[in-house]
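Chemist: This is the structure I want to talk about, given as C-alpha cells.
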Amino acid sequence: MVTAAKIGTLIVKEFLTIFRDPWGRRMLVVPPMIQLLLFAFAATLEVKNVSLMILNDDFGRHGHEIAHRLEASQQFTDISYAGSAKDFTKAIEEQRILLAVRIPVDFSKKIHARSGAAVQIIFDGRKSNAAQVVEGYILEVVNQYALELGDPMVKGFEIAEHHWFNPNLEYHWSTIPSLVAIITLIMTMSFSALSLAREKEMGTFEQLLVTPLIPGEILTGKLVPAMLIGIFDAHLIYGVGHLFFKVPFRGSYLLLLASIILFSFSVVGFGLMISSIAKTQQQAILGAFVFMVPAIALSGFASPFENMPAWLQKVMWLNPMKHGVIIFKGLFLKDLPLPVVLANAWPLAVIGGVTFLLSGWMFRRNIG
Amino acid sequence: MTTEATSESLKPAAAGSLEPAITISNLIKNFQGQSRCALNNATATVYPGRTTGLVGPDGAGKSTLLRLLCGLLDPDGGQVRVLGFDPMRQAPRVHAICGYMPQKFGLYEDLTVIENLNLYSDIRGLERSQRDERFKVLLRFTDLGAFTKRLAGRLSGGMKQKLGLACVLIGSPKVLLLDEPSVGVDPVSRRELWSMVQSLAQGGLAVVWATSYLDEAQKCEAVILLDQGRVLFEGPPGELVARIDGRSWFIGSIAASERRRTLLELLRSEQVVDGLITAGGIRVMTAGPQRPSAGPGTALTVADDYGKWAPSAPTFEDAFIDLLGGGARGESALGAHFQDKLSDQSVVVEAKALTKKFGDFTAVSSSSFQISRGEIFGLLGPNGAGKSTIFKMMCGLLTPTSGLALIAGIDLRKAPARARGRLGYMAQKFSLYESLSAAENLEFFSGAYGLSGRVRKERVGLMIEIFDLKHYLGSTARTLPLGFKQRLALACAVMHEPDVLFLDEPTSGVDPVTRREFWLHINSLAHKGVAVMVTTHFMEEAEYCDRVTLVYQGLGIASGTPDDLKNLATESGLGAPTMEDAFVFLIEKNRAQDREGSR
Amino acid sequence: MRIIRALIKKEFIQIVRDPSALMIAFFLPILLLFIFGYGVNLDVSVSKLGLAAEGSGPETLSLISSLTRSEYFDVTVSKHSDYLTQGLLTGRFRGLMVLPEELEGDLLGGRTATIQIVTDGSETNSALFVRNHSVGLLRVWLEDKLMAGKHSASPLISVQSRFWYNPELKSRNYLIPGSLAIVMTLIGVMLTSMVISREWERGTMEALMASPVSINQIILSKLCTYYLLSLVSVFFSWSVAVLWYEVPFRGSLGALLAVGSIFVLGALGQGLLISTLTKNQFLSAQWAMVTGFLPSFMLSGFVFEVNSLPPAVKAVSYAVGARYFVPCLQTLFLTGNVWPLFARSAACMAVVALVFFVLTSKKIVKKVF
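Protein chains in written order, with this note's numbering: chain B, 1 to 368; chain D, 369 to 967; chain X, 968 to 1336.
Dropping the structure here:
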C-alpha cells in the first residue's frame, strides 16, 4: 500500500516533468504524427509513375500493337520513343528512365513464322526491386497478347484473385498496423532510455536515491509512465489510422489493448536497461538509436522476414518488434483469434520480464 | 551620490598618471520575460594596477555586468569603455586585450592541461618559440607543472580554476574579468588563487573579481557593491566599513557547548542586527553604536552570563550585511515546528573504518566517526580530499569497499530503505527537479518519503511558510534565484523530520545574508536533537560545528572541536589563528610531510 | 588560419577521446552495413504457397509438378481447406492456389478454366510477389502446353529481360551504397549538432567567444573537422562494402569524394542550424532524427522509390539532400562515372546546402543569450 503510494508519487512527478515543458507536450504528438505521415506515404514498395522508353525497330503490326498496349497500361505514365539504342542507353545511365523496351526488326516476321519472337527489356539494375515489379507488369501485357495470338480455341485460364484481409492490396493497410508498433517503440524507447540518464546528468538521481525508495519502486516509477506514453501513442496511431486512413480494424479491441501493454512493457525493459548503463544523456540517446534502428529494420517491416538468414531470424525472437508487427497486423486485418495472439504475445511478456529484471540488476550494480 | 563621493576618495590613489581602465556609465540591461532590470543605471570605474571586487547578493547582476564588459551581451542603455574601446562595436579589439573567466570556465574537460594551454596559445596567437618560456612561467605560477598530462576534467576544482586562469593569462591581457573564481574552491587553493591575481594586479593589470566571499572583497583595493542591478557602493572597502564603526562586538570566553544556544537567544533581540559564531566566541553587530542595554530576563543578559562584551573591529562583511538590511534574526520557524527528538546524546550516525577504493586509488581510507543527537559534525578538507565520497557512503549512494555505515543503528547495506527514511540529504549541486515548480517538488519529495494524507499537506504547507516560498510556488525550480533554490532544497531534505541531516556545501555560492539564515535553521535543528553532518569551504562556518574532522587525501588528519584545531595551529607559531589559518596550516604541514616522505 | 588549425586539432583530440563520437563514426556504419547487407533483403524470395488440387488428372499433376519445380515457391499440397486457410491466418502461407476439379475438362474442352489464387493481403509485398509469379508461371505452363501440341520448340513471344549494372538482382548491391548516405547524414547532422550543442551546454562556447576567435572561425573549424571525419568514415564504410560485402565499385574514388563533399556540406549545414536553434543536446538529437535521419531513409530512393511518392510528399523530398546523393552512390558503385547525373545532383545538393547556411547565418549571432 505504501509502495503503491510512493510509486504513484513517482509517476505523477514523471508526467509533470513532461507536461510542464511545452516542448515535452509536443513531443508526445508531433514526432509520432510526422513519422506516421512519412511512413504511411513513403514506405511502399509499390511502383508508380514509371518512366520508360520504347525502341521499336519492327515495322510490322505486332510491334506496334505491343507498344500501343504498353501505352494504354496505367502503370507507365511517362513513355517516350528512342531513335536508337544509344538514346536509351544514355537515359538509363542517367536514371531518367527505369527501363527500355526494345522490339527487334524481325519481331512481326517471327510471330508470323511462329519461330520464337522476343521482346527485349533493359532495366536499370540499380533499382532492381522496382525493376522486378515492373517486369511483372510487362510480362502480363506481353503474355496476354501472346495468348490472344495463340490458339483461339483454347481460352486459357481465368485467374480469380483474392487478396484476403486486404482485397485491393492497399499498402498503407499493412504499414499502419506496423506503425502502431514502430511509433510505440520509438516513443517508449526515447522516454525510458533517457529517463534515468537525464536524472543522472541533472543530479536529481542521487537525491532520489537517498529517499527511502527502493530500486524496484524507482524503476516501476519509470516503467509505468513510459508504458502509458506508449499506450497513448499507440492509440493515437490506431485512431488516426482507422479514422483518417480508413484502415479496417477487425480484431478485438481488448486484445489490442492487452498486446499494446505487453509490447510497451517489453520495449521499456530494454529502455531501462540502456538507461541504467548510460552515464550521460548522449550515451542513452545513442544506445536507444543503436537498439531502435535494427529493431525496426529487421522486424519484417521493411523487407520480408523470411528473406533474412535463418540464424538472424532466430536472433530476432528477442526483438519485440517482430512479435508486435505480427500481432498488430493480425488484429487490424485478420481478426486474429486469441490462441494465435497468445502464441505471439508470450515472448513479449518473457522479454519484458527478463529485461526489467536485468535493468534492476544493472541499476543496483551501478550504484555500488 | 555615492559615486561622486567615491570618485573623490579614489583620486589620491589614482593620482594623475592612472587613467581608468574601465568606465561604466548609466548602464541598463533588461532580459526578456523578466520584470526587474538586470542592471539599472549602473555607473562605476575600474582602475589598472589593482583588484576591484564585484560583490552583491545572488542575482544582483554581477555576471551580467562582466558579460557586458567583454561584449558577450549588448546593453540596452548607457555605455561601457574598456581601455577606450566599446565592447559592443569593437568586440574584436576588446577580446584581444581582455581576459574573461566565466563562472564555469570553458575548459575542455577531455583535453589535457597542456593541450588546453596549447589551444589557447594558438587562439591568442602566441608564437611557438615563446611558448616554452611562457608555459614554464604559467605552470610554475599555477603550480600545475606536475599535471600537464592530466585531463582537465580530472583536476580538482581549485586546479581547474588555476588552469582556467592560466589559459586566460596566455594572451597577456590588460584587463582581467573573473566571475566568482573561488566558488567551490577550498581555502588553500583560494589563497593561492588570490595571491596569483594580486601579483598580476601589482604588475599593472586591471582586475575585476566577482565574489561572494566578503573576506576576499575586503582585501581588494576597491569594491563595487551591486544589489538588484544598482550600484549601492563604489570605493575602497574601508570606507564602507568606516560607516559602521563602533557597532561590532565580540563576546569571548563562552563555553563551546553554549555558543550556539547563546547565539540563538541573541538573535531574538531587536537590537541585534547580525550575529555569528567565530574565533571561539560570538560576534554581534548592533543596530546602534551603543552596547545594548540588558534588562533582566532578556536574551542579552544570557550572553552576559557567559562572557564579556568587547568592542571589535568591524569587517567588510558586517558593512555588507548592514547595507543589505541585516542578517537573519529571530526564531527559526523550522526549529520551532520540529518535533523534539530525544536529546539524549545517543549516537545516531556511525562510520566504522569506512574505506572506498576506485581501482588502485584509495579515495577514503578507514574513516571512523560518530555523531550524536543534537551534534553538528563538520567535514573539512581541500577539493578532492574524499569528503564527498564519505558523504555518499553515509547516504548509501556508494557501497563502501570495507567498513560499516550505520544510521540510527541500521546498517545502510542491510536495510537501506529503512535507514534512508531516517535521513535528509542536501546535495552539493542543486539537485531538485528543475523543470518542476517549487510546489511540485515539495509534493514529490513528501510522497517519496512516504508522507501521505493530512500529514503530507500539513508539512508541505509548513515548509512553504517557513522558507517563504509562497511567491515562488508556481515558478519552475530552474528559474528560482539561487538563495531560494537552496531554501527549497533544504525544505525537501527536512520535510520528513529526519533524525540525521547531511548537508554537502549547503551555502556554496550563496550570499552572506542567506548563509546566516541557513545557519540559523541548522543551528535550531541541532538544538532539537537532529544530528547534522556538514561540509563547507567557508571556514568561519566550521565554527558552528561541535566537532570537525579535517580530511586530506582520503585520511582524517585532524579532528576535534574547532578550538582544538585552532590550538594545533597556535602551537606552531601563529598568533590567534582563524579557522582558515588552522586549515591552511594543517594541510600545508601534511603536504610537506608527504614531500618528505616521497623523498 | 592558425586559430582554425588549432581548433581543428582540438576537435580531433576530443573525437578520439569521446566514445560516442567514435561510435557514430565507426560503429554505426558497421551496424547499418550489417543490417542492409544481411537483414534487409528485397530480393525475390521463396514464398510459401499452399496448394489445393481438387482433381487428379494429368493436367493437374503436370501443373503441380511445374509449381513445385519453381524456384519461387515452396509448395505444400493439402486436401484440407481448413489447414490451408488457417495457415494463411497464422502466416504459415503467404498464398494459396486452388486448382478446381473442372480444370481438366475446361482446358480440354476449350473453355476458360478458373484458377483461384488467394494471398495474404496484410503482407502486401509478398502478396504481390505470389500473385505475379503464380500468374506468370501458369501462363508459361499453358504456353508450353500449347506449343507442345504444335510441336514447336519455343513460346510465341518470349520476353528477354536484362538487368544492367546488377544482373544478379541483389538488393544488397544498391542498399549498401545507399547506406553510405545515411552514414554521412548521421555524422553531418546528428553528431555535429550534438557536439556544438555540447559546447553551449558546457560553457566552453562562452569562453571561446570572449577570446579573439570569431564565430566564423569556430564554425569553420567544426565544419572542417566533421567534414574530414565523415570522409574518413565513408572511406571506411566503402572499404567494408567493397571488401567484405563484395559490392562492385565501378566509378572513381575521386568522383565519390567530389559528390560526397557537396552532400556533406549540406548535412553539416543542417546540423549547424539545428544546434544554433536548440543549443541543447537532447533536442538536437531529436531534431536530427526527425529532420535528418528519417527523411534520408524514407525520402531518398534508398529503399523506397521517390517516384512512387504522393505529390505532396514528393515535394518535401526535393529538400532532402540524400535524394540526390543516393542515386549518385548507386551509380558510382554499380555503373561508373556518369558525369551528367553527378552534375545535376551536385547542383541540387549545393542549393540545399546554401539554403541551410543562409538560414544559419541569419540565426547565429555572437552573443551569449
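Don't be surprised by glycine CBs; every beta carbon is placed ideally from N, CA and C. Here the structure is a predicted model, which means the values were calculated and not measured.
Nearest CA to the CA of P416/D: which residue from L568/D, M527/D and G924/D?
Modeler: The residue labelled residue 416/D in the question sits at position 48 within the second sequence. With distances taken between Cα atoms, P416/D lies closest to L568/D.
Chemist: For the region 1204–1250 of chain X, which segments carrying the alpha helix (DSSP H) assignment without a break, of at least 4 residues, lie completely within its bounds, in sequence order?
Modeler: Counting whole runs of 4 or more residues, the region 1204–1250 of chain X contains the alpha helix (DSSP H) stretches 1220–1245.
Chemist: With DSSP as the reference, label G417/D as helix, strand or coil.
Modeler: Taking the first residue of the second sequence as position 1, residue 417/D is located at position 49. Residue state, collapsed to three classes: coil.
Chemist: Alpha carbon to alpha carbon, how far is M153/B from Y171/B?
Modeler: As a first step, residue 153/B is located in the first sequence; it is residue number 153 there, counting from the start. As a first step, residue 171/B is located in the first sequence; it is residue number 171 there, counting from the start. Any reading at M153/B must be qualified, since the residue scores a pLDDT of 48, below 50, and its modelled position is unreliable; the value itself is stated next. About 39 Å.
Chemist: Can you look up T411/D in the DSSP assignment and give me helix, strand or coil?
Modeler: If you number the second sequence from 1, residue 411/D lands on position 43. T411/D falls in the strand class under three-state DSSP.
Chemist: Label E1038/X either buried or exposed according to how many other C-beta atoms from any shown protein chain fall within 10 Å of its C-beta, with 16 as the threshold for buried.
Modeler: Stepping through the third sequence from its first residue, residue 1038/X is reached at position 71. Under this definition E1038/X is an exposed residue.
Chemist: For M1176/X, count neighbouring Cβ atoms within 10 angstroms of its own Cβ and tell me buried if that reaches 16, exposed if not.
Modeler: Sequence index remark: in the third sequence, residue 1176/X carries index 209 (1-based). Under this definition M1176/X is a buried residue.
Chemist: With 9 Å as the C-beta to C-beta threshold (strictly closer), list the residues of the region 843–854 of chain D near chain B in chain order.
Modeler: Answer set for the region 843–854 of chain D: T844.
Chemist: Write down the C-beta distance between A288/B and A193/B rounded to the nearest angstrom, noting that I regard them as a contact closer than 8 Å.
Modeler: Taking the first residue of the first sequence as 1, we reach residue 288/B at position 288. Taking the first residue of the first sequence as 1, we reach residue 193/B at position 193. The Cβ separation is near 4 Å, so the contact holds.
Chemist: So, with DSSP's three-state summary, where would you put K1189/X?
Modeler: Along the third sequence, one-based indexing puts residue 1189/X at 222. K1189/X: helix per DSSP, three-state reduction.
Chemist: Between which two residues does the alpha helix (DSSP H) holding Q132/B run?
Modeler: Looking up residue 132/B in the first sequence gives position 132. Its alpha helix (DSSP H) spans residues S128 to L149.
Chemist: In this structure, does DSSP put E158/B in helix, strand or coil?
Modeler: Taking the first sequence and counting its residues from 1, one reaches residue 158/B at position 158. If DSSP states are grouped into helix, strand and coil, E158/B belongs with the strands.
Chemist: Would E811/D be called buried (16 or more neighbouring beta carbons within 10 Å of its own) or exposed?
Modeler: In the second sequence, counting from the first residue as 1, residue 811/D sits at position 443. E811/D is buried by the Cβ-count criterion.
Chemist: Could you tell me whether any Cβ in chain B is nearer than 8 Å to the Cβ of N1304/X?
Modeler: For the purposes of this step, residue 1304/X is taken as residue 337 along the third sequence, with counting starting at 1. So no, N1304/X is outside the interface.
Chemist: Going by DSSP in three states, V50/B sits in which element: helix, strand or coil?
Modeler: The residue you call residue 50/B lines up with position 50 of the first sequence. In this structure, V50/B counts as strand in the three-state DSSP scheme.
Chemist: Could you check the C-alpha separation between A520/D and N1304/X for me, to the nearest Å?
Modeler: The count along the second sequence starts at 1 and reaches residue 520/D at position 152. The count along the third sequence starts at 1 and reaches residue 1304/X at position 337. Taking the straight line from one Cα to the other gives about 49 Å.
Chemist: Over the uninterrupted beta strand (DSSP E) stretch that includes M794/D, give me the two end residues.
Modeler: Numbered from its first residue, the second sequence carries residue 794/D at position 426. It spans L791 to M794 - the beta strand (DSSP E) in which M794/D sits, taken as one unbroken run.
Chemist: Would P996/X count as contacting chain D if we go by Cβ distances under 8 Å?
Modeler: Position 29 of the third sequence holds residue 996/X. Taking Cβ atoms only, chain D never reaches closer than 8 Å to P996/X, which makes this a no.
Chemist: Any residues in the region 468–483 of chain D with a beta carbon nearer than 7 Å to a beta carbon of chain E? Which ones, in chain order?
Modeler: Looking for chain E here will not work: the only protein chains present are B, D and X.
Chemist: For G324/B, which residues in the same chain have their Cβ closer than 6 Å to its Cβ, ignoring the five residues on either side in sequence?
Modeler: Counted from its first residue, the first sequence places residue 324/B at position 324. Closer than 6 Å at Cβ, skipping near neighbours: A181 and F263.
Chemist: Around the Cβ of K430/D, are there at least 16 other Cβ atoms within 10 angstroms (buried) or fewer (exposed)?
Modeler: Locating residue 430/D in the second sequence gives position 62, where the first residue counts as 1. Burial call: buried.
Chemist: May I ask you to list the residues that DSSP assigns as paired with L722/D?
Modeler: On the second sequence, residue 722/D is found 354 positions in, with the first residue counted as 1. Looking at the DSSP assignment, L722/D forms a beta bridge with S735/D.
Chemist: Which residues bound the beta strand (DSSP E) around W317/B?
Modeler: Translated into positions along the first sequence, residue 317/B becomes position 317. No beta strand (DSSP E) holds W317/B; DSSP gives it neither H nor E.
Chemist: Can you find at least 3 beta carbon pairs, one from the region 1158–1166 of chain X and one from the region 1184–1197 of chain X, that sit closer than 8 Å?
Modeler: The answer is yes - the region 1184–1197 of chain X touches the region 1158–1166 of chain X, with three or more Cβ pairs under 8 Å.
Chemist: Examine chain B for any beta-carbon lying closer than 8 Å to the beta-carbon of S1128/X, and answer yes or no.
Modeler: Counting from 1 along the third sequence, the entry for residue 1128/X is found at position 161. Yes, contact with chain B.
Chemist: Thinking just about the alpha-carbon of each residue, which of M469/D, E589/D and K587/D is nearest to the one in E1173/X?
Modeler: As a first step, residue 1173/X must be located in the third sequence, where it is residue number 206. With distances taken between Cα atoms, E1173/X lies closest to M469/D.
Chemist: May I have the straight-line CA-CA distance separating L494/D from E584/D, to the nearest angstrom?
Modeler: For this step, residue 494/D is matched to residue 126 along the second sequence. For this step, residue 584/D is matched to residue 216 along the second sequence. Their Cα atoms are separated by approximately 32 Å.
Chemist: Hey, how far is the Cα of A647/D from the Cα of I622/D?
Modeler: Start at 1 with the first residue of the second sequence, and residue 647/D comes out as number 279. Start at 1 with the first residue of the second sequence, and residue 622/D comes out as number 254. One C-alpha to the other measures close to 11 Å.
Chemist: Quick one: is W361/B buried, meaning 16 or more other Cβ sit within 10 Å of its Cβ, or exposed?
Modeler: Start at 1 with the first residue of the first sequence, and residue 361/B comes out as number 361. Label assigned to W361/B: exposed.
Chemist: If you follow the alpha helix (DSSP H) that A1320/X is part of, which residue opens it and which one closes it?
Modeler: By one-based count along the third sequence, residue 1320/X stands at place 353. Per DSSP, A1320/X belongs to the alpha helix (DSSP H) from W1306 to K1330.
Chemist: State the start and end residues of the unbroken alpha helix (DSSP H) segment that holds G241/B.
Modeler: In the first sequence, residue 241/B corresponds to position 241, counting from 1. Residues P215 to L243.
Chemist: Please classify K379/D as buried or exposed, where buried requires at least 16 neighbouring CB atoms within 10 angstroms.
Modeler: Working through the second sequence from its first residue, we reach residue 379/D at position 11. Reliability of the predicted coordinates at K379/D is poor, the pLDDT of 35 falling under 50, and no value is obtained from them.
Chemist: By the criterion of Cβ-Cβ separation under 8 Å, what are the contact partners of L1055/X in chain B?
Modeler: Here residue 1055/X refers to the residue found at position 88 when the third sequence is read from its first residue. Within 8 Å Cβ-Cβ: W164.
Chemist: Along the chain, which unbroken stretches of the alpha helix (DSSP H) at least 4 residues long are found entirely within the region 749–834 of chain D?
Modeler: Here the runs fully enclosed are 755–763, 784–788, 806–816 and 821–834.
Chemist: For Q1248/X and chain B, any beta-carbon pair shorter than 8 Å?
Modeler: Translated into positions along the third sequence, residue 1248/X becomes position 281. At least one chain B Cβ lies under 8 Å of Q1248/X.
Chemist: In terms of residues, what are the limits of the beta strand (DSSP E) holding M308/B?
Modeler: Locating residue 308/B in the first sequence gives position 308, counting from the first residue. Neither: M308/B is in no beta strand (DSSP E) and is coded neither H nor E.
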